[in-house]
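**Student:** Next up is a structure, given as structure tokens.
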Amino acid sequence: MSMLLRRALPFALIAALSACGKKQDASVPLAFVPADTAYVFANIEPVPQAVRDEYVGMMKQMWPLVFGTYDRLVNEAKELTDEQRKIVRAILDETRALAEKGSAEDAGFTGSARFAMYGIGLVPVVRWELADPAKLRATVARVEEKAGAKLSTGKLGDQDYWFVGNDKIVAIFAVVDKHLVATIAPPKASDDAKKRLLGLTRPEKNLGDAGLLAKINADNKFLPYGTMLVDSVRIVDVGTGETDPVLNEFKAIDGKTHEPVDATCRQEFLDIAKKFPRLVFGYTELAPKKMDMVGRLELEPALARDFAAAVGAAPGSAGAPEGQMDIAMSLPVLKLKDFFVKQSKAVVDKPYACKHLAELNQSFAEMNGKLATTIPPPASDLTGLRMTLTKFALDGGAGKPEYAGKLLVALTNPMSALAMGQLASPALKDLKIAPDGKPVALPAGLVPGQVPPLFAAMNDKAIALSAGAGEDATLGAYLTAAPAAEPVFFRMYFSGALYGQFGEWTQTLAAMLPDAQRKDVEDQRAMFALYQKWIRGVDIKLTAKANGVELFERFEAN
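Each residue of the sequence shown is one higher than the one before, starting from 5 at the first, in the working numbering.
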């Protein structure tokens, strides 16, 4: 899935449900989330109207392509019965009509809704505020009428619900007061389990009262429009325990008796989880043309410190990215080797006692043995890489691809690497490059194929190459571009223009395919054209922090 589509869909779904209504009086979704939930993604406040409007406009152009793909998938899905196919088509028809309007108000939804996706134990539940539950029920009735089939229903006291599934698992949907609730359950789930999942039996302590998401937002400077928490320690605690009633019913689906996880394994699983205790995610900026997203994977403090010291910062990561694509990574081979030797040796010296972790013990032992070997230069001298694609066109008007860009290899001893390269390639034996950063033309024919003019430059920290007209003029500055002050160990930037070239590739591919497959590829090309139109650029950074690893992503639209 494309980068834009992954970013756009969560907000497109919210935006597609937009309507001008007041906040509902129903209990907020967070009031149904257990305070100790293992995972949650929820908003405290609805996404701003201007942002919803932006994505409604974008997705109106996308929906015809999306629904065309879904229609073909339904027609070709051999696993669907005729009745199921009719129901899915009816759902698509209803959804298509709402998408064309740019609002799901007619189905009872509102864009100013609060939502929560969370775990009851480890079982996922989605809860979404409704503006008008009666309209949603009417939409379901229209789907049934169009399909000529009724959805399966059940009751829990006065509460009705729909369900679909098989003898292994069922999906359950219900309108509970002014919320749409969706979850999964064993086919013979008890009423008690279903009540817990649907929120008819509320948690003793809820996440809303606990204020955990608000604290995560405050601690990380996240906006209140969507916050995610994954608690790996809690996941392992629930998964290896025997006290969660809903999970116990899932374990009993096959009718077999399952042995509980023994105390040794349970403790070692928890010890591993504590090395990566939590993942949090949120938005630090959310505007119609720009969004900044931050994810933080917390690490055990000693592990985080060792990792940050090992990776360092990627070359050129202090400055702004360049070209259509710019990728930089820190690769200090010897420091990384020492880091992984330390991690593997800790397991070799004290292997896990749990029988289920025997393969992990073996893997660390093998890693430790392989890392014990000496890494020869120039591989041992490597500290980082950077590649920038300034220009790329499949057909530049001359009947051949055109490209231009630069490549930098950061080394502790560039002169030695150059000397070894000259020994390996006779074409380089007479090449004179001084460590002064000045570009020198490389011999013609050094690289097979039709390659634009190549230049090289060197200083005491790196060797850089350029390809393409005019690229040599910026090679000196590229060579000396500074690494970030903090350990930004990976950065990737790409512009929307790159999707235009992806579209050209798919056009070439479509011409070679049979008619039955060509439509999918043509639709993909149309999507690439939309991405090219929408995206100004996407910038991604991974930074080693004192408490873990931070992922930063900035999306900018045209």
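For each residue, glycine too, the CB sits at the ideal point set by N, CA and C.
Quick one: is M516 buried, meaning 16 or more other Cβ sit within 10 Å of its Cβ, or exposed?
**Tutor:** Flag for M516 reads exposed.
**Student:** Determine the direct distance from the alpha carbon of I544 to that of E554, and round the result to whole angstroms.
**Tutor:** Roughly 10 Å between the two C-alpha positions.
**Student:** Please go through the same chain and pick out, in chain order, the residues whose beta-carbon is closer than 7 Å to the beta-carbon of W538, but skip the five residues on each side of it.
**Tutor:** Within the same chain, W538 has close Cβ partners L8, M62, G500, A561, N562.
**Student:** Using 8 Å as the cut-off, classify the Cβ of K341 as near or not near the heavy atoms of the ligand ATP, replying yes or no.
**Tutor:** Ligands are entirely absent from the displayed structure, and the ligand ATP is therefore not among its contents.
**Student:** Can you check DSSP and say which residues form a bridge with K549?
**Tutor:** Answer is G552, bridged to K549.
**Student:** Just to confirm my understanding: we take I239, look at its own chain, exclude 5 residues before and 5 after, and list those with CB closer than 6 Å. What are they?
**Tutor:** So the qualifying residues of the chain are A42.
**Student:** Label E83 either buried or exposed according to how many other C-beta atoms from any shown protein chain fall within 10 Å of its C-beta, with 16 as the threshold for buried.
**Tutor:** It counts as exposed.
**Student:** Thinking C-alpha only, which one of A423, M496, V455 is nearest E557?
**Tutor:** When each option's Cα is compared against that of E557, the closest is M496.
**Student:** Measure the Cβ-Cβ separation of L320 and D310 and say whether it is below 9 Å.
**Tutor:** The displayed chain sequence assigns Gly, not Leu, to residue 320. Taking 9 Å as the Cβ cut-off, G320 and D310 do not qualify as a contacting pair.
**Student:** Counting only the same chain and skipping the five closest in sequence on each side, list residues whose C-beta sits under 7 Å from that of D29.
**Tutor:** Interpretation of D29 is limited by its pLDDT of 35, a score under 50 that renders its predicted location unreliable; the figure taken from the coordinates is listed afterwards. Closer than 7 Å at Cβ, skipping near neighbours: no residue.
**Student:** Going straight from the alpha carbon of A101 to that of A135, what length do you get?
**Tutor:** About 18 Å.
**Student:** Using a 10 Å radius around the Cβ and a threshold of 16 neighbouring Cβ atoms, would you call S429 buried or exposed?
**Tutor:** Counting Cβ neighbours within 10 Å, S429 comes out exposed, since fewer than 16 surround it.
**Student:** What does DSSP give as the partner residues of G123 in its beta bridges?
**Tutor:** In the DSSP output, where bridge partners are listed per residue, G123 has P128.
**Student:** Grab the span of the beta strand (DSSP E) containing M516 for me, first residue to last.
**Tutor:** Segment: none, M516 is in no beta strand (DSSP E) and carries neither H nor E.
**Student:** Could you name each continuous alpha helix (DSSP H) segment of 4 residues or more that falls completely within the segment 269-302, going from the start of the chain to the end?
**Tutor:** If we require 4 residues or more, the segment 269-302 turns out to have no alpha helix (DSSP H) run fully inside it.
**Student:** With three or more beta-carbon pairs closer than 8 Å as the criterion, would you say the segment 272-288 touches the segment 456-476?
**Tutor:** Cβ pair count under 8 Å is below three, so no.
**Student:** Can you look up Q328 in the DSSP assignment and give me helix, strand or coil?
**Tutor:** Coil.
**Student:** Give a yes or no on whether the C-beta atoms belonging to P207 and N47 are separated by under 9 Å.
**Tutor:** The answer is no: Cβ separation not under 9 Å.
**Student:** Considering L415, what are the terminal residues of the beta strand (DSSP E) in which it resides?
**Tutor:** Here the beta strand (DSSP E) through L415 covers 406-415.
**Student:** Assign G327 to buried or exposed, taking buried as 16 or more other Cβ atoms, counted over all protein chains shown, within 10 Å of its Cβ.
**Tutor:** That one is buried.
**Student:** Could you give the distance in angstroms between the alpha-carbon of P33 and the alpha-carbon of G203?
**Tutor:** Going by the C-alpha atoms only, they are around 10 Å apart.
**Student:** Let me know the secondary structure DSSP gives D248 once reduced to three states.
**Tutor:** D248: coil per DSSP, three-state reduction.
**Student:** Could you tell me which residues DSSP puts in a beta bridge with W166?
**Tutor:** Beta-bridge pairing links W166 to T157, F177.
**Student:** Could you have a look at S194 and say whether DSSP puts it in helix, strand or coil?
**Tutor:** The answer is coil: DSSP assigns S194 none of H, G, I, E or B.
**Student:** Going by beta-carbon coordinates alone, are A322 and P487 separated by less than 9 Å?
**Tutor:** Yes, the pair counts as a contact, with Cβ atoms nearer than the cut-off.
**Student:** Does the contact criterion of 3 or more C-beta pairs under 8 Å hold for the segment 375-391 versus the segment 412-428?
**Tutor:** Flag = yes, the segment 375-391 and the segment 412-428 touch.
**Student:** Got a sec, what are the start and stop residues for the beta strand (DSSP E) I188 sits in?
**Tutor:** That run of the beta strand (DSSP E) goes 183-189.
**Student:** Whose C-beta lies closer than 7 Å to the C-beta of K225 among residues of the same chain, with five residues either side of it excluded?
**Tutor:** Contacts found: T288.
**Student:** Drop a sphere of 10 angstroms on the beta-carbon of K198, count the other beta-carbons inside from all chains shown, and report buried for 16 or more, exposed for fewer.
**Tutor:** With 16 or more Cβ atoms within 10 Å of its Cβ, K198 is classed as buried.
**Student:** Report, in whole angstroms, the separation of the C-beta atoms of V168 and L155, which I expect to be a contact under 8 Å.
**Tutor:** Contact flag correct, Cβ pair sits at about 7 Å.
**Student:** Cα-Cα, which of D464, F36, G409, W509 is closest to S470?
**Tutor:** The shortest C-alpha separation from S470 is found at G409.
**Student:** Is it buried or exposed, E302, if we count other Cβ atoms within 10 angstroms and call 16 or more buried?
**Tutor:** Burial call: buried.
**Student:** CA-CA distance, D164 and I176?
**Tutor:** Taking the straight line from one Cα to the other gives about 10 Å.
**Student:** State whether the segment 74-90 contacts the segment 108-127, with contact taken as three or more CB pairs (one from each stretch) at a distance under 8 Å.
**Tutor:** Touching, no.
**Student:** Exposed or buried, what is T568 when buried is set at 16 or more other beta-carbons lying within 10 Å of its beta-carbon?
**Tutor:** Because the chain in this structure spans residues 5 to 562, residue 568 falls outside the shown range and cannot be described.
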